[in-house]
Amino acid sequence: MTASPDILCIGSALWDVIGRTPSHMRAGADVPGRITRIPGGVALNIAMTLGRFGLRPALLTALGRDAEGDELIRECIALGLDMTHVYRSDDLPTDSYMAIEGANGLIAAIADAHSLEAAGQRILRPLLDGPLGRPDTPYTGQIALDGNLTEALLAEIAQSPLFAQADLRIAPASPGKAERLTPFLRGGRGTLYVNLEEAGLLCQDRFDTAPEAAARLVERGAARALVTHGGDLCCDASADGLISQRPPEVLVTKVTGAGDTFMAAHIAAERKGQSRAKALDFALQTAAAHVSGEIAS
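1 is the number of the first residue of the sequence shown in full-length UniProt numbering; add one for each residue after it.
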């Protein structure tokens with residue numbers, strides 16, 4: 001690809017290995033189901049969804065120079081993603097993610113993003129002193145950033161003048177990594193996309209509703225926060241006020257990637273000039289289609 005990307009997606013790109021069953025599961029259960037292996041990772045999930053909306057995303061991530069990395073590169077290029085700026089490591093393997101989903105939701109998941117963390121700032125070279133940005137000409141476009149980067153690197157990005165002019169859209173990747181986004185909360189940088197549990201961890205509190213959580217995030221310094229709560233009320237909060245909507249009721253067949261789909265759809269809607277209310281509705285409708293299985297993985 002030679003055209004400039006519409007948006008940069010920075011963070012994890014890996015292989016998702018997901019086992020799904022229509023049965024309710026408990027710890028230690030052994031049930032029949034289906035196991036799939038598909039491209040995944042927060043940044044890549046966002047990029048793939050943006051691509052379906054006609055945008056040209058570029059990935060900044062780390063992949064190994066192994067068979068898994070080569071295959072993932074080919075898959076992504078076939079999907080129309082710009083992989084020109086991906087860091088390829090000679091000594092780090094391509095990362096992976098494993099999840100088990102039952103009729104009662106996500107049972108367990110393990111994200112092995114150690115190579116991304118080990119690569120560190122090397123994935124940002126095209127932005128720091130390369131084709132996408134330099135100290136005298138920082139990047140000014142949109143960036144979708146995920147919390148799979150190390151806490152130190154995320155803190156650096158939150159303070160760096162090289163990212164000061166970018167439209168940052170930030171997701172924590174998982175509740176276990178939510179507190180890594182604290183520097184963006186303190187610094188009032190970017191738009192945060194979190195679920196109710198992640199909002200509670202960032203605020204060191206517990207919330208019953210998304211509007212309550214979103215309002216508190218703004219009170220604590222967030223420039224803007226979108227908080228989801230499964231099938232319950234979702235909220236978009238900023239200094240301009242709160243907008244809340246309830247997602248459509250659907251039969252849930254998969255949950256992995258739902259938050260990434262929501263975030264990407266919201267970004268795509270706002271890029272088209274939709275209002276806050278319409279963008280939120282579009283994101284909720286798209287995420288509902290994802291979890292119901294209407295959008296193929």
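Don't be surprised by glycine CBs; every beta carbon is placed ideally from N, CA and C.
Query: Just curious, the beta strand (DSSP E) that VAL17 is in, first and last residue?; Result: 14 to 20
Query: Only counting the same chain, and skipping five residues up and downstream in sequence, which positions put a Cβ closer than 6 Å to that of ASN104?; Result: HIS24
Query: Verify whether the separation of the beta carbon atoms of GLU101 and ILE38 is less than 8 Å.; Result: no
Query: Quick check on GLY200: does DSSP put it in helix, strand or coil?; Result: helix
Query: Out of LEU284, ALA113, ARG122, ALA109, point me to the one whose CA is closest to ARG88's CA.; Result: ARG122
Query: At 4 residues or longer, what runs of the alpha helix (DSSP H) sit wholly inside the stretch 140 to 217?; Result: 151 to 159, 182 to 187, 196 to 203
Query: Checking the sheet assignment: what are the DSSP bridge partners for GLU75?; Result: DSSP, once it has assigned bridges, lists no residue as partnering GLU75.
Query: In the DSSP assignment, find the alpha helix (DSSP H) that holds MET263 and state where it starts and stops.; Result: 258 to 271
Query: Classify ARG12 as buried or exposed, calling it buried when 16 or more other Cβ atoms lie within 10 Å of its own Cβ.; Result: Rather than Arg, the amino acid found at residue 12 in this sequence is Ser. The residue in question, SER12, is buried, as its Cβ has 16 or more Cβ neighbours within 10 Å.
Query: Counting only beta-carbon separations shorter than 8 Å, does LEU226 have a partner in chain C?; Result: As a matter of chain content, chain C is missing from the structure shown, which is built from one protein chain.
Query: Once you ignore the five residues that flank ASP112 on each side, which residues in its own chain have a CB closer than 6 Å to its CB?; Result: ASP95, SER96
Query: When you compare the stretch 40 to 49 with the stretch 204 to 217, are there three or more beta-carbon pairs, one atom per stretch, that lie closer than 8 Å?; Result: no
Query: Going by C-alpha distance, which of GLU151, ALA166, GLY200, ALA108 is nearest LEU181?; Result: GLU151
Query: Using DSSP with H/G/I as helix, E/B as strand and the rest coil, what is MET1?; Result: With a pLDDT of only 43 at MET1, under the threshold of 50, the placement of this residue in the model should not be trusted; the figure read from the coordinates follows. Reduced to three states, the DSSP call for MET1 is coil.
Query: Is DSSP giving GLN245 helix, strand or coil here?; Result: strand
Query: State the Cα-Cα distance for the pair ILE143 and LEU81, rounded to the nearest angstrom.; Result: 15 Å
Query: Do the stretch 245 to 256 and the stretch 27 to 36 touch if we need at least three Cβ pairs shorter than 8 Å?; Result: no
Query: Would the stretch 149 to 167 and the stretch 128 to 139 be scored as touching if the rule is three or more Cβ pairs under 8 Å?; Result: yes
Query: Assign ASP240 to buried or exposed, taking buried as 16 or more other Cβ atoms, counted over all protein chains shown, within 10 Å of its Cβ.; Result: exposed
Query: Note down the Cα distance separating THR256 from CYS235, rounded to an integer number of angstroms.; Result: 21 Å
Query: What's the C-alpha gap between LEU284 and ALA237?; Result: 15 Å
Query: Using the rule of at least 16 other Cβ atoms within 10 Å of the residue's Cβ for burial, across every protein chain shown, is ARG26 buried or exposed?; Result: exposed
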